[in-house]
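**Q** To start, I am sharing the structure in question, which I have written as structure tokens.
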Amino acid sequence: MSRVISAKLVEDVARELMTRAAIDIPADYRQGVERARDGERNRMARFVLDEMLRNWEIASAERRPMCADTGLPRYYVRAGNEARVDGGFVALERALRRATAEATAAIPLRPNRVHPLSRVDHNNNVGMHAPEVTYAFEPDADWIDVTTVHKGGLFGSDYRMLFPADGVGGLKRFFLDTLIEHG
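In structure tokens, the structure reads:
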């Protein structure tokens with residue numbers, strides 16, 4: 120039997136996840152940084168770890184992002200074969216887009232999406248293929264699991280070593296291939 124999940128519930132949960140991903144640090148991660156700081160003998164390295172911990176405390180207390188540039192919002196959705204979203208997966212994508220726009224305004228998050236050709240910025244982190252959503256499907260399950268991350272520049276970035284013989288044409292080809300692949 121299929122379980123119907125409202126798009127509104129998906130939107131509300133996604134907005135909360137987006138907020139937590141920008142502001143909160145998992146306890147085990149924080150404890151790992153504290154252990155690293157406590158065991159650190161280099162004064163400068165210990166200072167950096169202390170400042171990271173202090174920054175997280177301030178972000179949590181003020182409910183503001185821990186970093187001025189939170190990167191690009193990205194969702195990972197695992198959906199059971201028996202789960203149904205009211206309105207289908209198009210409604211789910213729309214809910215994620217609304218949640219992203221709302222979280223961008225409310226937290227606030229730095230808007231990092233512009234149209235690749237017109238350069239129009241809607242200040243909401245929503246655009247062509249944005250936010251990025253990756254799907255995985257689970258047989259014999261009636262649930263949907265949503266995870267969100269703020270993808271920074273070094274996380275999953277595309278790069279390629281070009282040869283001098285590739286010239287400007289090679290650079291243009293890389294740019295277009297990347298644009299087509301990622302939007």
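Using my numbering, read the sequence shown as starting at 120 and increasing by one per residue.
Virtual Cβ for every residue (Gly too), placed ideally from N, Cα, C.
For clarity, every value in this text was computed on a predicted model and none was experimentally measured.
Using CA atoms only, rank isn't needed, just tell me which of VAL245, GLU201, LEU236 is closest to ALA224.
**A** Nearest of VAL245, GLU201, LEU236 to ALA224, Cα basis: VAL245.
**Q** Return the CA-CA distance between ARG193 and TRP262, expressed in angstroms with no decimal places.
**A** Cα to Cα, ARG193 sits roughly 20 Å from TRP262.
**Q** What three-state label does DSSP hand THR266 in the structure shown?
**A** Three-state result, THR266: strand.
**Q** Can you name, in chain order, every residue of its own chain whose Cβ lies under 6 Å from the Cβ of THR266, other than the five neighbours on each side?
**A** Closer than 6 Å at Cβ, skipping near neighbours: TYR195.
**Q** If you count every other CB in all the chains shown that lies within 10 Å of the CB of ASN231, and 16 or more means buried, which is it?
**A** With 16 or more other Cβ atoms within 10 Å, it is buried.
**Q** Out of GLU176, LEU295, ALA210, point me to the one whose CA is closest to VAL123's CA.
**A** Ranking GLU176, LEU295, ALA210 by Cα distance to VAL123 puts ALA210 first.
**Q** How do the segment 249-257 and the segment 195-206 stand: do at least 3 beta-carbon pairs fall below 8 Å, yes or no?
**A** Yes, they touch.
**Q** Across which residues does DSSP place ARG197 in a beta bridge pair?
**A** In the DSSP output, where bridge partners are listed per residue, ARG197 has ALA255, ASP264.
**Q** Just to confirm the assignment, what range does the beta strand (DSSP E) spanning ILE142 have?
**A** ILE142 -> not in any beta strand (DSSP E); alpha helix (DSSP H) instead, spanning 126-142.
**Q** Determine the direct distance from the alpha carbon of MET163 to that of ALA140, and round the result to whole angstroms.
**A** Each residue's alpha carbon lies about 28 Å from the other.
**Q** In terms of residues, what are the limits of the alpha helix (DSSP H) holding VAL245?
**A** Per DSSP, VAL245 belongs to no alpha helix (DSSP H) and is neither H nor E.
**Q** Do three or more CB pairs link the segment 278-293 to the segment 144-160 at distances below 8 Å?
**A** Because the criterion of three Cβ pairs below 8 Å is not met, the segment 278-293 and the segment 144-160 do not touch.
**Q** Rounded to the nearest angstrom, what separates MET247 and GLY206 at their Cα positions?
**A** In a straight line, the C-alpha of MET247 is about 21 Å away from that of GLY206.
**Q** Report the three-state DSSP secondary structure of PRO235 (helix, strand or coil).
**A** Looking at PRO235 - three-state DSSP - the assignment turns out to be coil, as it is neither helix nor strand.
**Q** Would you kindly work out how many angstroms separate the C-alpha atoms of ILE177 and ARG134, rounded to a whole number?
**A** For ILE177 and ARG134, the distance between alpha carbons rounds to 21 Å.
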